[in-house]
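Shown next, in structure tokens, is the structure this report addresses.
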Amino acid sequence: MNSAPAVITGLGAISPLGPTSTEMFNALKLGKCGINKITAFDPVGFDCKIAGQVPDFKVQQYMPKTYRKASKLMSRDIQLAVVA
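The numbers in the sequence shown follow this note's numbering, run straight up by one, and end at 86.
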């Protein structure tokens, strides 16, 4: 069986350390940590009180205007995946 060579054409990342792969890698090089106390919701009742949250993410900033209407129907996890 012959397999075609794989080609990486790009890299995307949205993380607690930054909204782009470049910002994320720069923060990692500086030794920054993206894990903090949960602020997106009240974690009372949960055993874990810390998480890696993506701050100030607005999908409209990253999507072409023609797709913004569709983004309103997407859950946050799907928005993050589409933009990455």
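Here a beta-carbon is modelled for each residue, glycine too, at the ideal position from N, C-alpha and C. As the structure is a prediction and not an experimental result, all values here were calculated from the model.
In the three-state scheme derived from DSSP, where H, G and I count as helix and E and B as strand, Ile80 is classed as helix. Distance from the CA atom of Ala15 to the CA atom of Pro21, rounded to whole angstroms, is 7 angstroms.
Judged by DSSP secondary structure, Ala53 falls within the beta strand (DSSP E) whose first and last residues are 52–54.
According to DSSP, residue pairing for Ser17 in a beta bridge involves Gly20. Here Leu75 is exposed. Its C-beta has fewer than 16 other C-beta atoms within 10 Å.
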